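Asker:
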Amino acid sequence: MTIARFYPIFDSPEWLERMLPLGVRFVQLRIKDRPEPELRAAVRRGLAIARHHGAQLVINDYWQIAIEEGADWLHLGQEDLDQADMAAIRRAGLRLGLSTHDPAELDRALAHAPDYVALGPVYPTILKAMKWDPQGLARVGEWKRLVGDIPLCAIGGMTVERAPGAFEAGADMVSAVTDITLHPDPEARVRAWLQVAA
């Protein structure tokens, strides 16, 4: 299975409407702390937008909604794994991405036979408070040796300028959030990402 090398993460369907027409083909919808009906409506709309543009949409965290709304992909953090019904997720046929930050988490993730593994933060990140120090590119290379053929995603502080180093270190895909959403011209930034990840 081939996964796109550029894997942006957005927090609303509105971002998907802006960015998927540019050629984004693998994207995550990560919405936090919203009422369930609002979450469900956003997931439903996001899936419709992704299907319209021939893109794969990964739903972050909300595995029940992902199953019920017919998503193909799910991403879980380590905390999410504690509450997730992995048997139900597998029965639904969802492809699965898992976050990792240290060797114990990687071992736990690999036990679930994920479709990709994310490592972060590679660089300092402003998106959320992290209890982990930046992992660095050497850790990306170490993780790739450990995961083998499973696609490896580098996340955390990633920019267009840093992406080539992550790819060279062994990342199969690179995720970006604020490098796009806080950029003065997000569309131009996405085009630059698509070029560097081509």
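Numbered per the UniProt record's numbering, the sequence shown spans residues 1 to 198. Glycine residues also receive a C-beta, built at the ideal position from the N, C-alpha and C atoms. Model, not experiment: these values are computed from the prediction.
Since I89 and P114 are thought to touch, with beta carbons under 8 angstroms apart, how far apart are those beta carbons, to the nearest angstrom?
Answerer: Residue 89 sits at position 89 when you count from the first residue of the sequence shown. Residue 114 sits at position 114 when you count from the first residue of the sequence shown. The pair is not a contact, with the Cβ atoms about 11 angstroms apart (cut-off 8 angstroms).
Asker: Which residues mark the beginning and the end of the beta strand (DSSP E) in which G97 is found?
Answerer: Residue numbering aside, residue 97 sits at position 97 when the sequence shown is read from its first letter. Its beta strand (DSSP E) spans residues R95 to T100.
Asker: Based on Cα-Cα distance, which residue from G165, T159, F167 and A169 lies nearest to D179?
Answerer: As a position in the sequence shown, residue 179 is number 179, starting the count at 1. Nearest option by C-alpha distance: T159.
Asker: Over the uninterrupted beta strand (DSSP E) stretch that includes P37, give me the two end residues.
Answerer: As a working note, residue 37 is residue 37 in the sequence shown. From DSSP, P37 is part of no beta strand (DSSP E) but of the alpha helix (DSSP H) over E36 to H52.
Asker: Rounded to a whole number of angstroms, what is the C-alpha to C-alpha distance between S12 and K32?
Answerer: Walking along the sequence shown from the start, residue 12 turns up at place 12. Walking along the sequence shown from the start, residue 32 turns up at place 32. So the two alpha carbons sit approximately 10 angstroms from each other.
Asker: Would you call the CB atoms of G136 and L152 closer than 8 angstroms?
Answerer: Residue mapping note: residue 136 aligns to position 136 of the sequence shown, counting from 1. Residue mapping note: residue 152 aligns to position 152 of the sequence shown, counting from 1. No.
Asker: State buried or exposed for P37, treating a residue as buried only when at least 16 other CB atoms are found within 10 Å of its CB.
Answerer: By 1-based counting over the sequence shown, the position of residue 37 is 37. With fewer than 16 Cβ atoms within 10 Å of its Cβ, P37 is classed as exposed.
Asker: So, is Q83 buried or exposed, given that buried needs 16 or more other C-beta atoms within 10 angstroms?
Answerer: The sequence position of residue 83 within the sequence shown is 83, counting from 1. With fewer than 16 Cβ atoms within 10 Å of its Cβ, Q83 is classed as exposed.
Asker: Name the two residues that bound the continuous alpha helix (DSSP H) containing L194.
Answerer: Taking the first residue of the sequence shown as 1, we reach residue 194 at position 194. Looking at the DSSP string, the run of the alpha helix (DSSP H) that includes L194 is P186 to V196.
Asker: Going by C-alpha distance, which of L146, L81 and A176 is nearest V122?
Answerer: Stepping through the sequence shown from its first residue, residue 122 is reached at position 122. Of L146, L81 and A176, the residue nearest in Cα terms is A176.
Asker: Let me know the secondary structure DSSP gives Q83 once reduced to three states.
Answerer: Within the sequence shown, residue 83 is the residue found at index 83, counting from 1. Reduced to three states, the DSSP call for Q83 is helix.
Asker: Looking at C-alpha atoms only, which residue of V24, F167, L106 and G46 is the closest neighbour of W143?
Answerer: The residue labelled residue 143 in the question sits at position 143 within the sequence shown. Out of V24, F167, L106 and G46, L106 has the C-alpha closest to the C-alpha of W143.
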